[in-house]
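Numbering (UniProt numbering), first residue to last: 1 to 506.
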Ligand code: NAD
C-alpha cells in the first residue's frame with residue numbers, strides 16, 4: 001500500500017484512512033451510533049469525526065461472523081491456508097507501516113518512534129501466529145483401554161475483542177492474530193479515543209484476502225457497543241484489555257453466560273534498585289520504564305524502590321535525567337515525552353499529584369501542567385518524581401497511567417519483597433542488581449506475571465504475558481495463544497473386536 005498524502009491536510013496520512021465508515025459484517029457503512037470527535041492531543045484540534053456503531057451493529061456483525069466463518073470456508077480451512085492469509089496481513093501492515101504510525105500518532109499523541117515500533121510488532125505478531133497455526137499439533141493421548149485416543153482443537157466461533165487506546169495496533173494484533181489463526185470470526189470494539197488504526201487494519205485484512213464478514217470493526221462507547229458484544233449470546237469468548245474495574249464488570253457478565261474471558265488489566269508495577277546494581281544503567285531503565293509512552297502503559301514501573309544506602313544519590317540522578325527529557329509533539333523526532341491522550345486524563349493525573357502533595361509528598365521534578373509556548377495547546381504533563389511517600393499511601397497504590405514515579409526507600413530483600421507485594425496488582429516488576437541469585441530470588445517472590453532483570457518494558461510475542469491478582473485473568477501471546485481461542489475435543493476410536501461388556505448379551 002503506497003503512502004498517499006494528496007487529499008489529506010495531515011502530512012503522511014492517507015485521507016481514506018479518515019473515512020467516516022465502520023466495518024460491519026464485511027460492509028463499510030456510515031455508523032448510526034454516537035459521533036466520535038477525534039482530537040490531536042498535541043494541538044487540541046479536532047482532526048476527524050466518525051459515526052460509531054450501535055448495539056444493533058453488534059448483532060449484525062456477530063451473525064455475519066458466524067455465517068462467514070462457515071460459508072467462506074475460513075473455519076474449516078487447513079491451518080497452512082489460514083497462515084497464508086495471516087502472512088499477507090503481516091506484509092500489508094509492513095507496507096503501510098509509516099501510514100499506520102502517523103495515523104496512530106495523530107490519534108493518540110504518541111511519538112512516531114513508538115507508533116512505528118508498534119506497527120512493526122503488529123506485523124510480526126501476525127507472522128508469528130501464522131507460523132504457530134501451521135505447527136500447532138494435536139495429540140495422540142496414551143490409551144487406557146482398547147481405543148485410539150486423541151485430543152484435537154476446533155474454532156470457537158465468534159470472538160469479541162475489546163481494546164484500550166494506549167497501544168491500539170499492537171493490542172489489536174495480539175488478539176486478532178491468534179483468534180483468526182484458530183479459524184474464528186472476530187468482532188473488534190476499538191476505543192472511542194483511538195478508533196482509526198483498527199479500521200485501517202480491517203482494510204489491510206480485506207486486501208490480504210481475509211473473507212468478508214470474518215472480521216468486523218465497531219468503534220463506539222464501551223457501555224453500549226462493548227457491553228452488547230460481551231452480552232451477545234453467540235459470542236463464544238471475549239478478550240479484553242483495559243482497566244481493572246471494567247474488566248471485573250465484564251468478568252461478571254461472562255460468568256453469567258459461562259463464557260471464557262481473557263482480561264489484561266491495570267498495574268502499579270514495582271521497580272527495585274539494589275545498591276549493588278549498575279546504577280547508571282538502572283537509572284536509564286527506570287526512566288524508560290515510567291516515562292516512555294508518557295507513563296500511559298499498563299506495565300509502567302511507577303513504584304520505584306531504592307535501597308536506602310543509595311536512595312538520595314540515585315534519586316538525584318533520576319531527577320537530573322527526567323529534567324532533561326524533552327516534551328513535544330509525537331511527530332518531532334526530538335520528543336521524548338509526548339502529550340497525553342486527553343485533557344480529562346491529563347487533568348486527572350495533575351489532580352492525583354496535587355492530592356499527594358497536599359498529603360505531604362515532595363515534588364522532585366515536574367508536577368505542573370505547562371502553560372506557555374507550543375506546549376500550552378496540547379495535553380502535556382511533565383515527567384514527575386515524588387519522594388516522601390510511603391508504599392501504603394494512595395499515590396503509591398492507585399494506577400495513575402501517567403508520567404509519575406514515586407520513589408520509596410527500602411532496607412533489605414525481605415523488606416522490599418513485602419512492600420512490592422503490598423498492592424492489589426500483579427502485572428510486572430523490575431529488579432536491578434549485579435547479583436543474579438538475588439535477582440532470581442526476588443523475581444520469584446514478587447507476585448507479577450512478568451519479571452525483568454536489569455532491563456524493563458521489553459516484549460516478545462513468543463513470550464506469554466499474564467496479569468496476576470487484579471491485573472488480569474488468563475494469558476496472551478506465545479504459541480499457546482492460539483489454543484486460547486480454540487475448543488479442545490477428545491476423540492475415542494474403538495479398536496476392540498468385542499462389544500461393550502455391559503448388561504445381558506443375547
Ligand atoms: P477502559 O477499561 O476504560 O476501556 C478499555 C476498553 O473497554 C475500551 O474499548 C472501552 O470502550 C471498553 N469498555 C469500557 N467500558 C465497557 C463496558 N462496560 N463494556 C464493554 N466494554 C467497555 O480502559 P482505558 O482507559 O481505555 O485503558 C487504560 C487501562 O487499560 C489501564 O488501566 C491500563 O493499565 C489497562 N491496560 C492493560 C494492559 C494489559 O495488557 N494488562 C495493556 C494496556 C492497557
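Glycine included, each C-beta is placed from N, C-alpha and C at the ideal position. As the structure is a prediction and not an experimental result, all values here were calculated from the model.
When the alpha-carbon of residue 289 is set against those of 454, 309 and 495, the nearest one is in 454. Straight through space, the alpha carbons of residue 273 and residue 362 are spaced by roughly 20 Å. For the pair of segments examined, the region 191-200 was found to touch the region 93-111: the number of CB pairs separated by less than 8 Å reaches three. Look at residue 171 here: in three-state DSSP terms it is helix. A check of alpha carbon separations from residue 227 across 312, 163 and 371 identifies 163 as the nearest. In the structure shown, residue 39 adopts extended strand secondary structure according to DSSP, grouped into three states. Relative to residue 127, the option among 176, 156 and 483 whose CA is nearest is 176. In terms of Cβ geometry, residue 42 and residue 373 do not form a close pair [threshold 7 Å]. DSSP links residue 211 through a beta bridge to no other residue. Of the other Cβ atoms in all chains shown, fewer than 16 fall within 10 Å of the Cβ of residue 491; this residue is therefore exposed. Ligand 1 has a heavy atom closer than 6 Å to the beta-carbon of residue 222. The Cβ-Cβ distance between residue 322 and residue 406 does not fall below 7 Å.
A Cβ-Cβ separation of about 13 Å leaves residue 225 out of contact with residue 238 under the 8 Å criterion. Around the beta carbon of residue 80, fewer than 16 other beta carbons sit within 10 angstroms, so the residue counts as exposed. Within the model, the alpha-carbon separation for residue 307 versus residue 265 is close to 29 Å. If you draw a straight line from the Cα of residue 487 to the Cα of residue 496, it is about 28 Å long. For residue 156, no beta strand (DSSP E) segment is defined, and its DSSP state is neither H nor E. Under the Cβ criterion (8 Å, minimum of three pairs), the region 315-329 counts as touching the region 337-345. Going by beta carbons, residue 470 and residue 425 fall inside the 7 Å limit. Distance from the Cα of residue 27 is smallest, within the candidate group 165, 400 and 206, for 206. Residue 45 is classed as exposed because its beta carbon has fewer than 16 other beta carbons within 10 Å across all chains shown.
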